[in-house]
Each structure stands twice: as structure tokens, then as C-alpha cells.
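Chemist: Numbering (my numbering), first residue to last: 237 to 613.
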Amino acid sequence: MIPSIATTHVLIVSNDSKSLLDFRWGLIQSLRQQQTTVSIVCNQDASFDALQQAAKQDQVQLIPYPIRNNGLNPLADLKFLIWLRRLYKTHVITHALLYRVKPVIYGSLAALGTSVKPIATITGLGYVYTQKTAKTTILRFITNQLYRLSLARSHWIFFQNKDDREFFLNQNLVNTAKTSVVGGSGVDLDTFPVTPLPKTLSFLMAARLLRDKGVLEYLEAAAALKKKYPHVIFKLAGGKSDNPAALKVEDIQEFCENHNLMYMGEVKDMPQALQASSIFVLPSYREGMPRAGLEALSCARPIVTTDTQGCRDLISNNGFMVPVQDTETLKQAMEQMILLDRPKLEEFAQNSRRLAETVYDVRFVNQQILSKLQIFS
């Protein structure tokens, strides 16, 4: 059923149900508390049923649409564009919050010639920008052209780190006057509370099993350190992915078994996983703003990560940064953590929580987004 006409009707478009539940639902609830009509367009993926339950509870209309995550299919993309444009009109949409590449591009283009205000969030640049192959070079060129064309129509563009914003500005993809940087999707400080560091030292990497997340570098460093420090626990959390850079779960499991490392699969309870770990590791090649990293900050966990876009924003006197794709330096940084005395480790932990409280509190991040909607007094 089409919602009744209201002064403000916000449409949220994403190709990932889980990210809406995990990262955006606080924002959606803030909109509903202001009596704003909210509708969502999303894939019918593995988390769609859970999204449906949450939407029903908060009186949000959920509209399924098979948004392709990867690749180019001009006919399918044109169909999505036309469908969205029709939806804007029939549902009397006033604002469109757009997340991820295709929703951002086609959601912005669909608003051309309408009164809809598209607000895009660039959550990261993805494998097209991190992989250096002939195919990704072509895709990168096409994606840049589509970004330039579509973002010119956007009411506002949020970036989740300053490096991605600088990249888009240097490529002349956006107008600087319509852009700002927010602290990722923010983190709920109450959901991820401070707990004491466990007595047994352990490392946790939590990420999708993608090559460009630095999974292989972490496993190689962990395997080498496990031989030298058998009392230290090394954990990897993450599920399979349909991303072109995905690694095989079977290969990960076999490697962990052979080197006495702990593979946890996809973790449902991240607060518990972080609380049971001493140090969080993310050797990613590039990020928008790593959600698990923000959660680790909130739980007051020291960080080892890479000196690259998104990841470096996790560090403020609370851990170590290493070069991208440098297993040896990563191993050295992790070993340095092992050798730290307890007071220094706890100092890092306190600084992590302070960074979460001052920069990444979800309430502050959501307020920044709501202010750009310009619909509340």
C-alpha cells in the first residue's frame, strides 16, 4: 500500500538489508520519531526477513527490488533507473537517502527534473578502485563518469572519510560546496560498552573474507606469531561474500586448522566477540569507514590497522599503523602489542574509547545527516 501523502517522505535506497539493520536503523528511528514517513527500497537478501520485521515494528514501508551489487548490465540498470523515477512520483518522495554505488548513481539520476532531494553517502570505493586489472580499469573509468553525471544532481554528498572526499574532488566528480565528512555510520556507545581487557591476550580480525581486507596478510602474520607465542590466541571472524575479491571459506578454514588459528565464521554477537578479545586488527587496503573498527573503539580495544583511507581514522594514540600489503610490518606491529606492558595496553584502550565518544558517537553522526535533510526545525 502506498503511504498517504505527507509533507515529508524519505525514501532510503540500499542493496544490502544487513547494513540497513546494523548501521542505519537508528537514523530511521530518529526520522520516525519526528513523524516523518519513511520507505525503504532494498534487495530480498539473507537479512530481508529481519529487515521486514523491524520495518513493520517501526511502521516503515519496505519495497523489495533486485538491485545488482556488482558488474555492468546496462538494460538492468536502465530498468532500475526508470523504476525508481516512477516510484519517486507515485510515492510523492521528498528526500532520497542513497547508500552504495548503484543506489547513489541511479537514485540521483532518477531525481532529475523532479522535486526530490537526493542525499548520497559514499561508503567506500570498493574493489573497482583497489584492484589493478584491465577489467577494473575500464570499470573505474565508467564508474567515474556515472558518478560525475549523477552527483551533480545530488542535494548533498556525505563521505565517510576525508581521503575519499579528496579523491572525488581531485577527479572533479563532486562540487566541494555540497560535500561533508561524517564519522562513518557512527557507533552506538551503549551497544558496544567498555569492558576490561581479558587476561589471556588475543587478537581479533573481523571483516568480510575479501582479499582487499588484508585477510591473507593477517593470517600469515598470525601463523608466524603463533609459533613464537603459542599462548596468544589469533581469531578471524567473517563470512563468505559474492564480491569478486572474495576468498574461499574452505581455504580459510584449512589454513586456520593447519596453523592453530581460530576461524569463527560470521559472528552474530560482535559486542561479545570484541569483549573476549584484547586487540583488534584490520589490515585493509582501503575502507570507507570500517564499522567493526568503530565498534572496537567503542569497546575500548587497541587497534592495529593500515595507513590508508578510512583505516587511519581509527588511530589516535591507541595503536599502530602499518603499510598496506606488508605482512612483515604487520607481524612486527602485532608482536609489539604482545610485548607491551599491561598499563600501556590499557592506555591504548582508554584512548580508543575516547575517540569513539568524541568523533563517532552515532547520535552525533545521525544529527549531522538529519541537519542536511533540512526538514526539522
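No residue lacks a Cβ here, since even glycine has one placed at the ideal position from N, Cα and C. Just so we're clear, the structure is a prediction, and the values are computed from it rather than from any experiment.
Nearest to Val423 by CA position, among Leu287, Ile374, Met525 and Thr544, is which residue?
Modeler: Within the sequence shown, the letter at position 187 stands for residue 423. If we check each option's Cα against that of Val423, Met525 comes out closest.
Chemist: Measure the C-alpha to C-alpha separation of Met498 and Ala312 and round it to an integer number of angstroms.
Modeler: The residue given as residue 498 occupies position 262 in the sequence shown. The residue given as residue 312 occupies position 76 in the sequence shown. Near 41 Å, if we compare the C-alpha coordinates of Ala312 and Met498.
Chemist: Any idea if His467 is buried or exposed, counting beta-carbon neighbours within 10 angstroms, 16 or more meaning buried?
Modeler: Sequence index remark: in the sequence shown, residue 467 carries index 231 (1-based). Exposed, since its Cβ has fewer than 16 Cβ neighbours within 10 Å.
Chemist: CA-CA distance, Val246 and Thr379?
Modeler: The sequence position of residue 246 within the sequence shown is 10, counting from 1. The sequence position of residue 379 within the sequence shown is 143, counting from 1. Rounded to whole angstroms, Val246 to Thr379 spans 26 Å at the Cα level.
Chemist: For the beta strand (DSSP E) that contains Gly555, what are its first and last residues?
Modeler: Position 319 of the sequence shown, counted from the first residue, corresponds to residue 555. That run of the beta strand (DSSP E) goes Gly555 to Val558.
Chemist: Where does Val249 fall in DSSP's three states?
Modeler: Sequence index remark: in the sequence shown, residue 249 carries index 13 (1-based). Of the three classes helix, strand and coil, the one that applies to Val249 here is strand, per DSSP.
Chemist: May I have the straight-line CA-CA distance separating Tyr335 from Asp252, to the nearest angstrom?
Modeler: Position 99 of the sequence shown holds residue 335. Position 16 of the sequence shown holds residue 252. Taking the straight line joining both Cα atoms gives about 9 Å.
Chemist: Assuming Gly262 is part of the alpha helix (DSSP H), what are its boundary residues?
Modeler: Stepping through the sequence shown from its first residue, residue 262 is reached at position 26. Counting along the chain, the alpha helix (DSSP H) containing Gly262 begins and ends at Trp261 to Gln269.
Chemist: When you compare the CB positions of Leu257 and Ser250, do they come within less than 7 Å of one another, or not?
Modeler: Here residue 257 refers to the residue found at position 21 when the sequence shown is read from its first residue. Here residue 250 refers to the residue found at position 14 when the sequence shown is read from its first residue. No, Cβ-Cβ distance for Leu257 and Ser250 is not below 7 Å.
Chemist: Quick one: what's Val540 bridged to in DSSP?
Modeler: Locating residue 540 in the sequence shown gives position 304, counting from the first residue. According to DSSP, which records beta bridges pairwise, Val540 is partnered with Val517 and Phe556.
Chemist: In its own chain, which residues sit with a C-beta less than 7 Å from the C-beta of Val595, not counting the 5 before and 5 after it?
Modeler: Position 359 of the sequence shown, counting from 1, holds the residue named residue 595. So the qualifying residues of the chain are Gly419.
Chemist: Classify Thr427: buried if its beta carbon has 16 or more other beta carbons within 10 angstroms, exposed otherwise.
Modeler: Working through the sequence shown from its first residue, we reach residue 427 at position 191. Answer is exposed; the Cβ neighbour count stays below 16.
Chemist: Please go through the stretch 333-396 and give each complete alpha helix (DSSP H) segment of 4 or more residues, from N-terminal end onward.
Modeler: You should have 337-346, 363-366 and 370-387.
Chemist: Going straight from the alpha carbon of Lys353 to that of Cys535, what length do you get?
Modeler: The residue you call residue 353 lines up with position 117 of the sequence shown. The residue you call residue 535 lines up with position 299 of the sequence shown. If I take the Cα positions, the gap works out to 36 Å.
Chemist: Around the C-beta of Gln396, are 16 or more other C-beta atoms found within 10 angstroms, so that it is buried, or is it exposed?
Modeler: Indexing the sequence shown from 1 puts residue 396 at position 160. Buried, by the Cβ-count rule.
Chemist: Using the three-state DSSP reduction, which class does Leu314 fall into: helix, strand or coil?
Modeler: Residue 314 sits at position 78 when you count from the first residue of the sequence shown. Helix, per DSSP.
Chemist: Would you identify the three-state DSSP class for Leu497, choosing helix, strand or coil?
Modeler: What you label residue 497 is simply residue 261 of the sequence shown in a count that begins at 1. It is coil, neither helix nor strand.
Chemist: Taking Thr273 as the reference, which of His327, Asn279, Gln280 and Ser283 has the closest Cα?
Modeler: Position 37 of the sequence shown, counted from the first residue, corresponds to residue 273. Thr273 has its Cα closest to that of His327, out of His327, Asn279, Gln280 and Ser283.
Chemist: What do you reckon, are the CB atoms on Ile393 and Thr359 nearer than 7 Å?
Modeler: As a working mapping, residue 393 is identified with position 157 in the sequence shown. As a working mapping, residue 359 is identified with position 123 in the sequence shown. Cβ distance not < 7 Å, so Ile393 and Thr359 don't count as in contact.
Chemist: Among the residues of its own chain, which have a CB less than 8 Å from the CB of Asp543, if the five just before and after it don't count?
Modeler: The residue given as residue 543 occupies position 307 in the sequence shown. Taken in chain order, the residues that qualify are Met557, Val558, Pro559 and Val560.
Chemist: Distance, Cα to Cα, Met570 vs Arg447?
Modeler: Here residue 570 corresponds to residue number 334 of the sequence shown, with the count starting at 1. Here residue 447 corresponds to residue number 211 of the sequence shown, with the count starting at 1. For Met570 and Arg447, the distance between alpha carbons rounds to 20 Å.
Chemist: What residue from Leu452, Leu461, Phe377 and Lys254 has the CA that sits closest to Gln568's CA?
Modeler: Locating residue 568 in the sequence shown gives position 332, where the first residue counts as 1. Residue Leu461 is the option with its Cα nearest to Gln568.
Chemist: Given that a residue counts as buried once 16 or more other Cβ atoms are within 10 Å of its Cβ, and exposed if not, what is Glu490?
Modeler: If you number the sequence shown from 1, residue 490 lands on position 254. Counting Cβ neighbours within 10 Å, Glu490 comes out exposed, since fewer than 16 surround it.
Chemist: Buried or exposed: where does Pro339 fall if 16 or more other Cβ atoms within 10 Å of its Cβ makes it buried?
Modeler: As a working mapping, residue 339 is identified with position 103 in the sequence shown. Buried, by the Cβ-count rule.
Chemist: Using 10 angstroms around the beta-carbon of Gln381, count the other beta-carbons present and answer buried if the total reaches 16, otherwise exposed.
Modeler: For the purposes of this step, residue 381 is taken as the residue at position 145 of the sequence shown. By the 10 Å Cβ count, Gln381 comes out exposed.
Chemist: Alpha carbon to alpha carbon, how far is Thr369 from Tyr363?
Modeler: Position 133 of the sequence shown, counted from the first residue, corresponds to residue 369. Position 127 of the sequence shown, counted from the first residue, corresponds to residue 363. Computed Cα separation, rounded: 10 Å.
Chemist: How big is the Cα-Cα spacing for Ile355 and Lys315?
Modeler: One-based indexing of the sequence shown puts residue 355 at position 119. One-based indexing of the sequence shown puts residue 315 at position 79. Spanning the two alpha carbons is a distance of roughly 21 Å.
Chemist: Just verifying my parser: in three-state terms, what is the DSSP assignment at Met506?
Modeler: Position 270 of the sequence shown holds residue 506. Reduced to three states, the DSSP call for Met506 is helix.
Chemist: In the DSSP assignment, find the alpha helix (DSSP H) that holds Ile574 and state where it starts and stops.
Modeler: Walking along the sequence shown from the start, residue 574 turns up at place 338. It spans Thr563 to Leu575 - the alpha helix (DSSP H) in which Ile574 sits, taken as one unbroken run.
Chemist: For the alpha helix (DSSP H) containing Ile605, name the first residue and the last one.
Modeler: The residue given as residue 605 occupies position 369 in the sequence shown. Residues Val598 to Leu609.
Chemist: Start and end of the alpha helix (DSSP H) containing Val410?
Modeler: The residue labelled residue 410 in the question sits at position 174 within the sequence shown. Careful: Val410 lies outside any alpha helix (DSSP H) and carries neither H nor E.
Chemist: Do you know offhand how far Thr244's Cα is from Leu606's?
Modeler: Translated into positions along the sequence shown, residue 244 becomes position 8. Translated into positions along the sequence shown, residue 606 becomes position 370. Their Cα atoms are separated by approximately 13 Å.
Chemist: Are Ser513 and Leu440 closer than 7 Å when you measure CB to CB?
Modeler: Stepping through the sequence shown from its first residue, residue 513 is reached at position 277. Stepping through the sequence shown from its first residue, residue 440 is reached at position 204. Result yes, Cβ atoms of Ser513 and Leu440 sit closer than 7 Å.
Chemist: Looking at the structure shown, is Phe428 part of a helix, part of a strand, or coil, going by DSSP?
Modeler: As a working mapping, residue 428 is identified with position 192 in the sequence shown. If DSSP states are grouped into helix, strand and coil, Phe428 belongs with coil.
Chemist: Might you give, ordered along the chain, the residues of its own chain that have their beta carbon closer than 6 Å to the beta carbon of Ser240, omitting 5 neighbours on each side?
Modeler: Numbered from 1 along the sequence shown, position 4 holds the residue referred to as residue 240. Caution applies to Ser240, whose pLDDT of 43 falls short of 50 and renders its modelled position unreliable; the value that the coordinates give is listed next. Counting only Cβ-Cβ distances below 6 Å, and skipping sequence neighbours, we find nothing.
Chemist: Taking Cβ to Cβ, would you say Val182 is nearer than 7 Å to Tyr454?
Modeler: This structure gives no information on residue 182, because the portion of the chain shown stretches from 237 to 613.
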